[in-house]
Amino acid sequence: MSEPIMISHSLEPRRGLHSTLSTKINGLNPPAPDCSFFALYTLPPGVIIDRYELMDRRLSFEFWGESDLELPVFAVGQTNNSLLLLNATPTDSRSKEVLVDIPVHARYGVPGVGRRACQSLEIFPPTCFWACSPTGMSTISPAFSLEPPIVSSALLRDSTHFLVSATSSHQSTLLEFPVASLDDTSRVETGTVTIISAAFLWLVYRSWRVARTLKSYHLKER
């Protein structure tokens, strides 16, 4: 019984707040007739997964993680990784290869030092496995497990036997993204005060003009 082989695990582009995580897997030979192939991603807190983007791509998935897309990375628990379970079974049963593309985004990071401050996120390859239902399991290999790789999954509810692939030899991939620079703090504060002051003075001026116009109008009526 041959195991799936992960050919590639990469990000494109590798720099920026928005990227696509691509995983290419070959050698998909179902161990039994009624089996589905899954990829389980463990993502760091700084990575954003937008459920609606995955739904637009018509992917079958489950996601456990922070749902507020606007939170910066320092407002998210640093020990709480997100989990993404994706049904990667090829639509063509004869296909032995699958390419999984997942849009990923980086949360706004902690400000750094320097004109071109940046940070990076490390994303590891997914855990790949077969999930099979009792149908067609006439001969059960000792390699199968009765425990799912993740509990409380609706996608795995009808599966009873699981065959997890060996740990991938591919290294993790890094997403680098820019962050605000602490060197710009004084300029930002000065600019903010200037703009707010100018807006306040403009409102005062406009209020004075309106009041003067109304006073003139009332005097003419008399």
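Start counting the sequence shown at 1; every next residue gets the next number (the UniProt record's numbering).
By construction, the Cβ of each residue, glycine as well, lies at the ideal position given by its N, Cα and C atoms.
| task | Leaving out five residues on either side along the sequence, give the residues of the same chain with a beta carbon under 7 angstroms from the beta carbon of arginine 51. | result | In the sequence shown, the residue the question calls residue 51 occupies position 51. The residues are Phe63.
Does the Cβ-Cβ distance between serine 22 and isoleucine 102 come in under 9 angstroms?
Here residue 22 is taken as the residue at index 22 of the sequence shown, counted from 1. Here residue 102 is taken as the residue at index 102 of the sequence shown, counted from 1. Result yes, Cβ atoms of serine 22 and isoleucine 102 sit closer than 9 angstroms.
task: Could you check which residue in Thr20, Pro134, Phe129, Lys24 has the C-alpha nearest to that of leucine 158?
output: Here residue 158 refers to the residue found at position 158 of the sequence shown. The question names leucine, but residue 158 is aspartate in the sequence shown. It is Pro134.
Quiz item: Roughly how many angstroms lie between the CA atoms of alanine 211 and serine 197, to the nearest whole one?
Solution: Mapped onto the sequence shown, residue 211 falls at position 211. Mapped onto the sequence shown, residue 197 falls at position 197. When rounded, the distance between both Cα atoms is 21 angstroms.
Q) According to DSSP, which residues form a beta bridge with asparagine 26? A) By 1-based counting over the sequence shown, the position of residue 26 is 26. DSSP, once it has assigned bridges, lists Ile5, Glu97 as partnering asparagine 26.
Practice task
Can you have a look at phenylalanine 200 and say buried or exposed, based on whether 16 or more other CB atoms are within 10 angstroms of its CB?
Solution key: The count along the sequence shown starts at 1 and reaches residue 200 at position 200. Answer is exposed; the Cβ neighbour count stays below 16.
To the nearest angstrom, how far is it from the Cα of arginine 107 to the Cα of valine 76?
-> As a first step, residue 107 must be located in the sequence shown, where it is residue number 107. As a first step, residue 76 must be located in the sequence shown, where it is residue number 76. Those two C-alpha atoms are separated by around 9 angstroms.
*Please classify methionine 55: is it buried, with 16 or more other beta-carbons within 10 angstroms of its beta-carbon, or exposed?*
Translated into the one-based positions of the sequence shown, residue 55 becomes position 55. Looking at its Cβ environment, which holds fewer than 16 other Cβ atoms inside 10 Å, methionine 55 is exposed.
Spatial neighbours of serine 19 in its chain, beta-carbon cut-off 6 angstroms, leaving aside the 5 residues before and after: Within the sequence shown, numbered from 1, the residue matching residue 19 stands at position 19. So the list reads Leu11, Pro13, Val104, Leu175, once near-sequence residues are dropped.
**Report entry** Bridge partners - serine 10, DSSP secondary structure assignment
**Finding:** Along the sequence shown, one-based indexing puts residue 10 at 10. Ser22.
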